[in-house]
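See the structure below:
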């Protein structure tokens, strides 16, 4: 059953940092909403165990970068809890293909064999959607139900409690979140969304992957290995 449990089994660091927020409004109402939609026969993505996958795959203590998405993919088999990512074996959506094109142009890396971005998440790239659930075939169907309060809290808490994170804000929706981030503590990189509708307006050529590595190196931190299995 797809519901928001009172104890979603968050990784210990995330539970300590933001877990209490799940008990605050509007999250209890969100729990009721998800249950009502499930009882009404709605198909909700991702599967329940993957709703908090972004947090559980990238432990609090390992976060180095944040890539923000809007809400999960709404097609069968696509959403698995990491923004822009799809499970191995699932065709890459157009925005993800464009991310891979920019990755190759920026760093000279081969196109990955799959659209699964779990290796990035495991290295500390938090692949966070602002809204963590969606209904089949209905983009943004769970927007405004309470997820944004929780994920905004995550972004703000990261900004306040950590230093030298890289926030990649692609598109106007993600860029609106910069108000939650302290630019004196972190690197904020902005570009148009990688969607085919906007990628040619500046996402291609943005160089965010190399810029992130240069930022970390300037602060005495190791670069991230952006290569994915080819």
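In the numbering used here, the protein residues as written are 4 to 233. The beta carbon of each residue, even a glycine, is placed where N, CA and C say it ideally should be. If you're wondering where the values come from, they're calculated on a predicted model, not measured in any experiment.
DSSP beta-bridge partners of residue 193: Among the bridge pairs identified by DSSP, residue 193 is matched with 172.
Among 183, 64 and 53, which has the Cα closest to the Cα of residue 128? The shortest C-alpha to C-alpha distance from residue 128 to any of 183, 64 and 53 is the one to 64.
DSSP state of residue 12 mapped onto helix, strand, coil: Residue 12 falls in the coil class under three-state DSSP.
Test: residue 32 CB closer than 8 Å to a CB of chain C: Absent from the structure: chain C. Only one protein chain is present.
For residue 187, count neighbouring C-beta atoms within 10 Å of its own C-beta (all shown protein chains included) and say buried if the count is 16 or more, exposed if not. With fewer than 16 Cβ atoms within 10 Å of its Cβ, residue 187 is classed as exposed.
If you run the structure through DSSP and keep just helix, strand and coil, what is residue 110? Under the three-state reduction of DSSP output, residue 110 falls in the helix class.
Using a Cβ-Cβ cutoff of less than 6 Å, which residues in the same chain neighbour residue 202 once the five nearest sequence positions on both sides are dropped? Result list for residue 202: 101, in chain order.
Find out if the Cβ-Cβ distance for the pair residue 30, residue 126 is shorter than 8 Å. Not a contact, by the Cβ cut-off of 8 Å.
Is residue 23 helix, strand or coil by DSSP? Helix at residue 23.
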